[in-house]
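Have a look at the structure below, then the notes.
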Amino acid sequence: MQTASDRQDRHDYPAHWEADVVLRDGGTARIRPITAEDADRLVSFYEQVSDESKYYRFFAPYPRLSAKDVHRFTHHDQVDRVGLAATVGGEFIATVRFDRIDERGMAASAPADEAEVAFLVQDAHQGRGVASTLLEHIAAVARERGIRRFAAEVLPANTKMIKVFTDAGYQQKRSFEDGVVRLEFDLEPTDRSLAVQRAREQRAEGRSVQRLLTPGSVAVIGVGRVPGGVGRSVLSNLRESGFTGRLYAVNSAFGEEGDGEEGDGAGIDGVPAHRCVAAIEEPVDLAVIAVPADRVPQVVAECGERGVQGLVVLSAGYGESGPKGRERQRELVRQARSYGMRIIGPNAFGVINTSPRTRLNASLAPQLPARGRIGLFTQSGAIGIALLSGLHRRGAGLSTFVGSGNRADVSGNDLLQYWYEDPDTDVTLMYLETIGNPRKFTRLARRSATAKPLVVVQGARHSGIAPTGHAVQATRLPHATVSALLRQAGVVRVDTVTEMVDAGLLLAGQPLPSGPRVGILGNSESLGLLTYDACMADGLRPLPPRDLTTGAVPADFRAALAEALSDDGCDAVIVNAIPWVGEDGATTDPETLATELRAAAAGCPAKPVAVVHVELGGLAEALAAATSTRPDAVTPVPGAVAPDTRGAADTGTGAEPRPSVETTAEATADPAPQPTDQYRIPAYPAAERAVRALSEAVKYAQWRREAAEPGRVPEYDDIDESGTAGRIAELLAKDGDPRGATLAADDAHELLRHYGIRVRRALPAPDADAAAQAARVIGYPVALKTTAPHLRHRADLGGVRLDLTDEGQLRRAYQELTELFGKPAELRPVVQGMVPRGVDTVVRAVIDPAAGAVLSFGLAGAASELLGDTAHRLVPVTDREAASLVRSIRTAPLLFGWRGSAPVDTPALEELLQRVSRLVDDHPEVVGVSLEPVVVAQRGLSVLGASVRLAPPPARDDLGPRTLPGY
32 MQTASDRQDR
42 HDYPAHWEAD
52 VVLRDGGTAR
62 IRPITAEDAD
72 RLVSFYEQVS
82 DESKYYRFFA
92 PYPRLSAKDV
102 HRFTHHDQVD
112 RVGLAATVGG
122 EFIATVRFDR
132 IDERGMAASA
142 PADEAEVAFL
152 VQDAHQGRGV
162 ASTLLEHIAA
172 VARERGIRRF
182 AAEVLPANTK
192 MIKVFTDAGY
202 QQKRSFEDGV
212 VRLEFDLEPT
222 DRSLAVQRAR
232 EQRAEGRSVQ
242 RLLTPGSVAV
252 IGVGRVPGGV
262 GRSVLSNLRE
272 SGFTGRLYAV
282 NSAFGEEGDG
292 EEGDGAGIDG
302 VPAHRCVAAI
312 EEPVDLAVIA
322 VPADRVPQVV
332 AECGERGVQG
342 LVVLSAGYGE
352 SGPKGRERQR
362 ELVRQARSYG
372 MRIIGPNAFG
382 VINTSPRTRL
392 NASLAPQLPA
402 RGRIGLFTQS
412 GAIGIALLSG
422 LHRRGAGLST
432 FVGSGNRADV
442 SGNDLLQYWY
452 EDPDTDVTLM
462 YLETIGNPRK
472 FTRLARRSAT
482 AKPLVVVQGA
492 RHSGIAPTGH
502 AVQATRLPHA
512 TVSALLRQAG
522 VVRVDTVTEM
532 VDAGLLLAGQ
542 PLPSGPRVGI
552 LGNSESLGLL
562 TYDACMADGL
572 RPLPPRDLTT
582 GAVPADFRAA
592 LAEALSDDGC
602 DAVIVNAIPW
612 VGEDGATTDP
622 ETLATELRAA
632 AAGCPAKPVA
642 VVHVELGGLA
652 EALAAATSTR
662 PDAVTPVPGA
672 VAPDTRGAAD
682 TGTGAEPRPS
692 VETTAEATAD
702 PAPQPTDQYR
712 IPAYPAAERA
722 VRALSEAVKY
732 AQWRREAAEP
742 GRVPEYDDID
752 ESGTAGRIAE
762 LLAKDGDPRG
772 ATLAADDAHE
782 LLRHYGIRVR
792 RALPAPDADA
802 AAQAARVIGY
812 PVALKTTAPH
822 LRHRADLGGV
832 RLDLTDEGQL
842 RRAYQELTEL
852 FGKPAELRPV
862 VQGMVPRGVD
872 TVVRAVIDPA
882 AGAVLSFGLA
892 GAASELLGDT
902 AHRLVPVTDR
912 EAASLVRSIR
922 TAPLLFGWRG
932 SAPVDTPALE
942 ELLQRVSRLV
952 DDHPEVVGVS
962 LEPVVVAQRG
972 LSVLGASVRL
982 APPPARDDLG
992 PRTLPGY
């Protein structure tokens, strides 16, 4: 008779359990199921574990594994017994397994829902967060296999493993018996376990980027022996930037016989040169690869074996070159991750870090930008060049820059994780051609935006085509919807890179405005009026422009600006300046004007100032010049988070401070002063550009204030969550289509009733007699309407007859409809009771595979649909978000008494929105809901039509264990 351990796997190899993960120190590992082919790897792994760790695992000296042990630990049925391994370079660094047990602790099968779990981590990799990451993954596997609870027995001295369990955030019980600590914990994710998981994700991913941007040593691979070429250019850029670490040049041709070069160690432009990375004796933190694509795999393998921490791959010939290139790109990522390395690229522009601790220019940019407090990320090399040049011309400095190219591994999400706690970055600018994981991006953007402004331009908005080098999950949402969701998350969404630079300069150099009231002053009446009109067009509230006349001198500007800033009715000031000639013949002096404006601004540092200049050469540069004359120009404590001039004091948010930065010893030891971007006044060549930047700052400040009190997701006593879940399971089982199906009307109405949403009954009327019978059942007055797809919800086409008070009117209306539009079988008429008149609206929810659950609202009718007047929010929606959603559409005044009409019951509408939000959030099988029309009256509302679509729940990559995007 076969034992459980002798049986072959009862399931096929679960490839979906494989995952690449980022560990606490920023390195990567691969998690995968253990199979019978891993016997030798397991033995080798166990031999490298210390006797102490073996004792902690088996509660006794256990120097080696027997053949029986090896068989047991490598043969699993993938249901009741599962083993996972974390690997680096193809070798095990840690293992975890569970065995299903019954209430007596004996081996069991389903329906037993408890399992015993045990870990073993190689000593050299302890402290890297391997066990915590494995716990997330083995817990997800267990839940998939119907296990709801883990039990673990740990020796009291094994404090590290006890901490792994206790810090995970699960609900748990702890007992002590026979010298052993027994821990039991439920595997259902909790708010705390999810918070712990996301905090660990942030630290790990942020640290992985930090390793790429703050290397102690860099090897440039592919350096030519003669000037020119990508590799030689990058080496020169690193040298000229003053890189503070060790620098190496690598080329397999160095030292070849007869080439006139010396062997390993010979210099190239004063940089030690080697034939391969393995020949470098000192550790190498970062490798910049600039060799042909067909040679990259060999270089990556050499870097992995040498222990290089990260790669910047400048080489082209990958996803951007077609199907073969995409496969080459996938293999590059798999190979690098197998060695624990992360990649920027391929086809990358490079990376820059202006910190005096690093001074890294591992990019194709010939100059290291000035130091500043703006972080910049771009997926396009051409756009990267334009942005770097534009910021340089405007006198703005950078903290860090990443030009990711094909973005095969390190993405904008990773940079958000890093910049969130980077003390050298106050504002982040991102040019994105694709968003690989919109659900995660909006989550990270919302968290980041509460601390630092995030300005985003999205390319390829209207083509719907991702750049060929990018592997991304497709979204079915139109660009306008994605844009609205980003704004909901606090992102400053602009349309062009020029607008991004404009907004970034103001947000980096000025405090946030406390409101939309804008003072305007200057020496040109016409320019003042243009500025006023631009403010009105952008939703600001401009004060009457103050004309200083063309005879104004710099001192007049200073006095007028100081007066405007001291006005309690003014939240920001725009100064207009054109060239002037004084009475004594003195001409424009930009330096003097800049000095006077800065002096006036220093007197009221809590209000933003922007300058519009026309043909005043040198003024923008003078205003951008660093100055420390402002009262708040203090030198931050080295290594501490820089004071955020856009924080609670300016916006009234009362927001809690951001968590402190997890820094290395090198980071905290830097005594260099911080850059002074926050003391610059931005200047613009056109009034519209200054106003647009200020408008974005006003909207962002408003979002910050609202984000401090996000509201709550309400609970309703009449919601039957468990009953709904059971009914959904029945409906899905009855349908059997893995793609899902739209429910019949009665089933949809029943499901909605479980969440307190009642749909008005509509009875079919296949002929006039049936219509009359339906009206007698419902009661007069009634409505007669068609439900044919081409006429449904189109009252403007005449397919609806209202207020039919008797059978005669009903029969005449039935005859009119059939004569006008066709036979009843085509029209599908229904009879429905009349409801109080009001405003017709539409409520929808949809599950997008990339963005997640989205709730939408708008008014019903062709006009709103034609104009795209629909507002969107991510689910779950709080009470404050529901109120905001109702007020976000352009036609919202119709709900609040426009032109003397009676206001309707918007609180009832907001409650309906929250109930729909709860339904799709509680039950991911509900992938679509449409309520149309919803008639909102002065008191209450009526849902006249509804449809619901069910499907097997889509994968929720934001709620599962931490993983890197798969390749």
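One gets this note's numbering by counting positions in the sequence shown from 1 and adding 31 to each. The beta carbon of each residue, even a glycine, is placed where N, CA and C say it ideally should be. Everything numeric in this text was worked out from a predicted model, so none of it was measured.
Residue range of the unbroken alpha helix (DSSP H) whose run includes residue i
i, result
"D100", "A98 to T105"
"I809", "A799 to I809"
"P621", "P621 to A633"
"R784", "A776 to R784"
"M567", "E556 to A568"
"R743", "Unbroken run through R743: none, as it is neither H nor E."
"I374", "Looking at the DSSP string, I374 is not in any alpha helix (DSSP H); the run it does join, the beta strand (DSSP E), is R373 to I375."
"Y451", "G443 to Y451"
Environment of residue i [buried if 16+ CB atoms lie within 10 Å]
i, result
"L981", "buried"
"S267", "buried"
"G210", "exposed"
"G570", "exposed"
"T901", "buried"
"G294", "Caution applies to G294, whose pLDDT of 49 falls short of 50 and renders its modelled position unreliable; the value that the coordinates give is listed next. Classification of G294: exposed, given that the 10 Å Cβ count is below 16."
"W929", "exposed"
"D453", "buried"
"Q233", "buried"
"L835", "buried"
"L446", "buried"
"R61", "buried"
Helix, strand or coil at residue i according to DSSP, with G and I counted as helix
i, result
"A933", "coil"
"K765", "helix"
"T386", "Per the sequence presented here, residue 386 reads as Ser, with Thr not at that position. Correct three-state label for S386: coil."
"D681", "Unreliable placement is indicated for D681, whose pLDDT of 39 sits below 50; the coordinate value is still reported in the next sentence. Of the three classes helix, strand and coil, the one that applies to D681 here is helix, per DSSP."
"S545", "coil"
"G381", "strand"
"S435", "coil"
"S140", "coil"
"K816", "strand"
"A149", "strand"
"I252", "strand"
"L890", "strand"
"F1021", "Residue 1021 cannot be examined here, being either before or after the span of the chain that is shown, 32 to 998."
Inter-residue CB distance, residue i and residue j (contact presumed, cutoff 8 Å)
i, j, result
"L975", "V966", "6 Å"
"D144", "R180", "6 Å"
"L592", "A632", "7 Å"
"Y1001", "L822", "With the chain covering 32 to 998 only, the question about residue 1001 has no answer from this structure."
Contact set for residue i: own chain, Cβ-Cβ below 6 Å, skip 5 residues either direction
i, result
"F852", "L858"
"G58", "G371"
"P713", "L536, L537, G540 and A641"
"P690", "In this predicted model, P690 has a pLDDT of only 35, less than 50, meaning its place in the structure is not dependable; the value taken from the coordinates is given anyway. Closer than 6 Å at Cβ, skipping near neighbours: no residue."
"L890", "T872 and T922"
Residue interval of the beta strand (DSSP E) (run including residue i)
i, result
"Q863", "P860 to G864"
"M192", "Run containing M192: none in the beta strand (DSSP E); it sits in the alpha helix (DSSP H), T190 to T197."
"Q1011", "Residue 1011 is absent from the structure shown; the chain starts at 32 and stops at 998."
"H644", "V640 to H644"
"A169", "The sequence shown places Ile at residue 169, not Ala. Taken as a continuous stretch (DSSP letters only), I169 belongs to no beta strand (DSSP E), being part of the alpha helix (DSSP H) at V161 to E175."
"F285", "Run containing F285: none; DSSP gives neither H nor E here."
"N392", "L391 to S394"
Own chain partners of residue i with C-beta closer than 7 Å, once the 5 adjacent residues on each side are dropped
i, result
"Q489", "L463"
"Y449", "G237, V240 and Q241"
"H954", "T755, A756 and I759"
"T818", "R859 and V861"
"G434", "A379, F380, G381, S394, T409, G412 and G415"
C-beta neighbour in chain B for residue i, strict 8 Å
i, result
"R72", "Structure shown: chain B not included; a single protein chain is present."
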